[in-house]
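Those letters in the sequence shown? Residues 5 to 323, by my numbering. Built from N, CA and C at the ideal position, the CB exists for glycine as well. So the structure is just underneath, and the comments pick up after that.
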Amino acid sequence: MYQIYARGQLITSGAIPVNGDVKTLMLQATHDMAPKSQVLVMYVRADWELVADALSINVDGAFMNKVVLNFNKTDASPSDKIRFGVSADVGSNVNVLAVVKSVLLLGTGNDITQSQVVQDLHGYSLKPLKSSSGDHFPMCDWFCWRWPLPVGGEDVKDVIDESGVVVLTDATVYEYIPEPVPMPANGGGRWRGGGGGGAGGGGGMFPSFGGFGGNNMMVMAVPLMGRMDGPMREQMRPMPPLPKADIVVAPKDLAPVQQTRKLFPETWLWKSQIVPSGGVVNFDETVPDTVTSWVATAFAVHPQTGLGISEQSAQVSLM
């Protein structure tokens, strides 16, 4: 019998006959299985002992609503007209954001990203992924995404517990119980202290370091200037400041003002619009007067296909 769980829900289950030692099961990956699924397989032996194992796999396709955005040109001048296009599922509510690049350099957290949503979806798992050593794996890095990982456990009970499911059965569920480790009768240990004096004394429970009976030794520093002779001391004195020179710059004729720049926002685009039947929504805007780069992102929400987030941002540089 096999069961597949994702986002805290049972996706599919079934039973397959096994005639030999190996049986291959083909499963169709769906969006409901993204971003991570757990496959639990179990059977009952002839002696009524339950045998189980589990595997955690990563499934791509957490976003059914694909969002793509772009500017109609990558280089522009202040006050130019520019078109910002976003493609998504028809009927989606598209939300766009464009901020000056320097704002992003100061810190993140101003926008929603695909990685943030995927991390939140991992929190809906039945139980966090655990290694065979007992340590919980961190949130999936590049290695976790590339390879399936075992759920972990020393016995069948561990596998079931770490899968986050409850199994009701009258079969034998093996649980490994380690034997207790005997403690020394005299309570001895490597931290019991020895005799004092010499190089490492000071009795007690904790070890002592250094010599002179374990006492702390205070080192006194002599001021550097006190050890210098007369000529060297004179050389170390600071030099007097140099006299200021009068600099006269000849005035130049200034060029006449062609255009007064007055549009300097930190957030340029902050708009929302419904995607029409063509699948693309366009925003016709005026480029701000700030001579810098602007970075734009977008996300969309659809009643059927759900949330979609642009995988890459669009950028326009001002000349």
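Annotation: Gly282 to Val90 spans about 11 angstroms, alpha carbon to alpha carbon. A buried status is given to Leu73, since no fewer than 16 other beta-carbon atoms sit within 10 Å of its beta-carbon.
Thr301 is bridged by DSSP to Leu101.
The beta carbon of Val177 lies closer than 6 angstroms to those of Leu54, Val160 and Lys161 in the same chain, with the five residues before and after it left out.
When DSSP reads this structure, Ser91 sits in a beta bridge with Val72 and Val284. Per the coordinates, the alpha-carbon of Asp93 lies some 15 angstroms from the alpha-carbon of Val100. The three-state reading of DSSP puts Val160 in helix, counting H, G and I together.
Under DSSP, Gln316 forms no beta bridge with any residue. Taking C-beta separations shorter than 8 angstroms and ignoring five residues to either side along the sequence, the partners of Asp51 in its chain run Thr176, following chain order.
Counting every other CB atom within 10 Å of its CB across the protein chains shown gives Lys77 a total below 16, marking it as exposed. Remark: C-beta atoms of Leu130 and Gln7 do not approach each other more closely than 8 angstroms.
When the alpha-carbon of Val299 is set against those of Val26, Phe88, Met37 and Thr28, the nearest one is in Phe88.
Per the C-alpha coordinates, the member of Leu109, Thr28 and Asp84 positioned closest to Asp288 is Asp84. A residue is called buried when at least 16 other Cβ atoms come within 10 angstroms of its Cβ; Glu183 does not meet this threshold and is exposed. About 5 angstroms separates the CB atoms of Val63 and Ala33; that is less than 8 angstroms, so the two are in contact. The beta-carbon separation of His35 and Gly12, rounded to 16 angstroms, does not stay under the 8 angstroms limit for a contact. In the displayed model, Val45 falls within a strand according to three-state DSSP.
Nearest C-alpha to Leu322 among Glu315, Ala302 and Thr294: Thr294. Rounded to the nearest angstrom, the gap between the Cα atoms of Val22 and Leu29 is 11 angstroms.
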